[in-house]
Structures are given as structure tokens and as C-alpha cells.
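Numbers in the working numbering are just positions in the sequence shown, counted from 1, shifted up by 302. Everything below concerns the one structure shown next.
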Amino acid sequence: MNGRAALLIEPNRDMVIREFPVPDPEPGAVVIRVTRCNICGSDVHAWQGNFKIQGLGASLPAILGHEMVGRILALGEGVLTDSWGQSLHEGDRVVFPYFNFCGHCPSCTMGFPLGCQNLHMAMLGNPQEFPYFVGGFADYYYLPPRHVLFKVPNTLSDDVVSGANCALSQVIYGFSRSGLTMGESVVIQGAGGLGLYALVAAKQMGASPIIVLDAFMPRLELARSFGADVVVHIDHYGVPERVRMVRKVTAGLGVDHAMDVSGNPSAMVEGLSMVRPGGHYIEIGSINLGKTVEIDPSRLVFGNKTIIGVSLYEPFALKKALELLSHTQGRLPFQSLLQDSFPLSQINEALQVAVSRRANRATVNLEME
């Protein structure tokens, strides 16, 4: 049996569809039938050549895509339950991190698996050798032995849960790293998919007020519908005005936590100005190497401010993401985050929509063909 995959042959060129043999799972491994795979900003940056996946160990051709959900096609010997002890069977819907840690390198044994020196991650594998299906823009995805995975509650649709294993888990982990607690204030720079998930996560953690900045009015309107206390259109106000607006709603101090999910390096300078003394700045959006910004370190020193860089997440964040989605089911307009859906054969059209920002999260629906 064969399955399809969209291959990135070269940046800024159309992806091409190729077929590969569907692997049998090794003992401890799982083969997933992908049902949805969203187009994340990092996929767009990699396709455009700004995000150099080769620097992370990838080679071309590659299979992009990582923000996905699917059903179990085949369970390897010894796989009986998910990571929370729920029994697993073929056909069950599951979500999983798009990466896994080795558990035995120096970083892992020191308690910081995000620095794993043997990290296995979607998009970095070679699709021309076993297990072939090493990215989300494909009919199948291979989970190697000892991979974390969780069953999806029946109450959550694929459209809603597809963003859990990247965007939502990432921002939950970011706020956990910064120590966000009830009643603390938050600025979110960017109201795309990541920003709206960050808004939901902050709201559920009890943050108040939550201020969202973006340059697209439809996104700011969505932010209001998800519970933002203040939205700011960055084209309507200059940086000094925006900083004053944030301080005005935080008793002149600035916010406890600011998070950048815009991908614009200059956002860091502005965001740090919005953070109160002793506050935290969480950088998630800037992933393109070489794009720099000038910062006055004395502002950090005299303000006792902390910058936290966040890439990937620890698996507990994915479990919390499922719990958050279940808790807010029917109360928040998650369906509005996926405004355009495409079959795999139209992956290039889907990428163009993602580039245009007409949708907060364009998605590849593997069940459309």
C-alpha cells in the first residue's frame, strides 16, 4: 500500500506530490492516518526559504507540516495505551507532539529535554528512506517507539483539535515558563493563530487585562470574540502611543507578561517597553535566523526584566491543551480559526492563502479526496 506526500524540493517552488510505501510499525511505534494538518507560520517560512530547516538537520526533499491530528492506522507490538493510560485501538483519533526526545543525552538527563541532542522532529527526516512519512503534509505520519500520544475526546472535532499539538501547546508552555498566574496582565503581539490561542490560554489561566496588538482588523475582531479586554490596531497608533495605552490600563506599570507571536523582530523592542519592572517577555514568533534588532541592555538591567525564548514544549502542555479545548467547547469560536480547507492535491494553493493571511490557519484536509 502506498500513500501520498507533498515534497518541498526547493524553497519558493511548488511542492510536488509523490507516493511512498506505507511502513509497518516497529515494536513500540504507531502509524497515523493524518486527517488534518494546519499550515503553521513556520511551514510558510520554510517554504519561502526564510526558515532554514537544513540548519536543524533537514535535507531536501522534505515533507513540511506538523500541526496535525489523525487516526491510528497500525499499532506496533507492545503499544496498548496512550501516554495517559487510555486503551488504544486502530481507528482511534489521537494527537501527539511533532517531535520526541531521546531521554538519555546530557540535556535530557539534566531535566531539559527541549535541548535534546538527538531530537526527532517532523519535517527533518528523509522521505526517501524508512519510515518515509516524516511530515504532516502527507496521508500518513510515523510515530517512532516511545513517542507521546493522547486520545482525542469524542466531543472535539478534528478542525478544533488540529491546532493543539503546536500552536496551543506552545503558548501554554510559554506562559508556564513565565509563571503566569491569576490576575496578572498580558500583552500579545500578533493575533494570528498563535496569538488567538495565546489569548485563550491566558484567559483560562486567569489573566486580566489581556491586550492584543495586530495590523489586521478581522484578526482583532476575532480577538474580541475570544475575550480580549483591549485590542490595538498597530497602524492607527505609533509605538510610543501604543506603549502609553498599555501602561494606562496597567496603572502605569506595564504588563506582567508580554508574548510575541508576530514573527517581526522589531516587536521585541516595543514589547519590552510594555513590560513592567520585574516582568517577563516571551519570544515565540521569531524563528528566522539572521533577522536581528538592536536592544539597549540597560533597560533589562534596571528593569530587572526577563526574556524567555520558547521553541517546542514539554508534553504536559499538550495534555493541558486538550483539557482547555474540552473545557471551552461550545463557548469559544474555535471553528473560525480555520477559514480555508484544501485537499492535499491543492497544497500550493493552500500555502498561497496562508501567505496572504486571509485565513488565521489554512488547513490541509486529508479526507477531502
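Every residue gets a Cβ at the ideal spot worked out from N, C-alpha and C, and that includes glycine.
| Query | Result |
| --- | --- |
| For Thr552, is the classification buried or exposed, using 16 other Cβ atoms within 10 angstroms of its Cβ as the cut-off for buried? | buried |
| Are the beta-carbon atoms of Leu362 and Ile374 separated by less than 8 Å? | no |
| Once DSSP output is grouped into helix, strand and coil, what is the label at His559? | strand |
| Return the chain-ordered list of same chain residues with a C-beta closer than 7 Å to the C-beta of Val381, the five sequence neighbours on each side being excluded. | Gly330, Val332, Leu390 |
| Got a sec, what are the start and stop residues for the beta strand (DSSP E) Val336 sits in? | 332-340 |
| Tell me the DSSP secondary structure of Lys354 in three-state form. | coil |
| Residue range of the beta strand (DSSP E) that Pro363 falls in? | Run containing Pro363: none; DSSP gives neither H nor E here. |
| Quickly, what does DSSP pair Thr608 with across the bridge? List them, please. | His582 |
| Helix, strand or coil for Met370, going by three-state DSSP, please let me know. | strand |
| With three or more C-beta pairs closer than 8 Å as the rule, is the region 421-435 touching the region 582-591? | no |
| When you compare the CB positions of Pro429 and Phe353, do they come within less than 8 Å of one another, or not? | no |
| Measuring only the C-alpha atoms, how far is Ser471 from Leu627? | 11 Å |
| Per DSSP, what kind of secondary structure is Gly305 in: helix, strand or coil? | strand |
| If you measure between the beta carbons of Asp516 and Ala493, is that distance less than 8 Å? | yes |
| Note down, one range per segment and in chain order, each beta strand (DSSP E) of at least 3 residues found wholly within the region 518-542. | 532-535 |
| Do you know how far the Cα of Thr337 is from the Cα of Met547? | 43 Å |
| Determine the burial state of Trp349: buried for a count of at least 16 other Cβ atoms within 10 Å of its Cβ, exposed for fewer. | buried |
| Considering Cα atoms alone, identify which of Leu310, Pro327, Gly587, Gly357 is closest to Ala469. | Gly587 |
| Once you ignore the five residues that flank Arg526 on each side, which residues in its own chain have a CB closer than 7 Å to its CB? | Val533 |
| Taking only beta-carbon positions, decide if Val534 is within less than 8 Å of chain D. | Judged by its chain identifiers, the structure shown contains no chain D, having just a single protein chain. |
| Taking the alpha carbon of Gly540 as the point to measure from, which residue in Ser564, Ala569, Pro520 has its own alpha carbon closest? | Ala569 |
| Note down, in chain order, each residue of its chain lying with its Cβ closer than 7 Å to the Cβ of Met317, except the 5 sequence neighbours on either side. | Ala308, Leu309, Leu310, Ile649, Asn650 |
| In chain order, what residues of the same chain have a beta carbon less than 8 Å from the beta carbon of Val450, not counting five sequence neighbours either side? | Ser385, Phe398, Pro399, Asn402, Pro617, Leu620 |
| Roughly how many angstroms separate the alpha carbons of Gly605 and Phe477, rounded to a whole number? | 20 Å |
| If you drop the 5 nearest sequence neighbours on each side, which residues of the same chain put their C-beta closer than 6 Å to that of Leu555? | Arg578 |
| Taking C-alpha atoms, which residue in His535, Gly508, Tyr475, Cys339 lies nearest to Tyr443? | Cys339 |
| Ordered along the chain, which non-local residues of its own chain (more than five positions away) have a Cβ less than 8 Å from that of Asn304? | Glu321, Phe322, Pro323, Val324 |
| Residues in the same chain with beta-carbon distance under 8 Å from Ile597, minus the five sequence neighbours each way, listed in chain order, please. | Met570, Val571, Leu574 |
| Can you list, in chain order, the residues of its chain whose CB lies under 8 Å from that of Arg479, leaving out five sequence neighbours each side? | Ile584, Ile610, Val612 |
| By a C-beta neighbour count over all protein chains shown, 10 Å radius and 16 as the cutoff for buried, is Leu524 buried or exposed? | buried |
| Check whether the Cβ atoms of Met425 and Ile365 sit closer than 8 Å, and answer yes or no. | yes |
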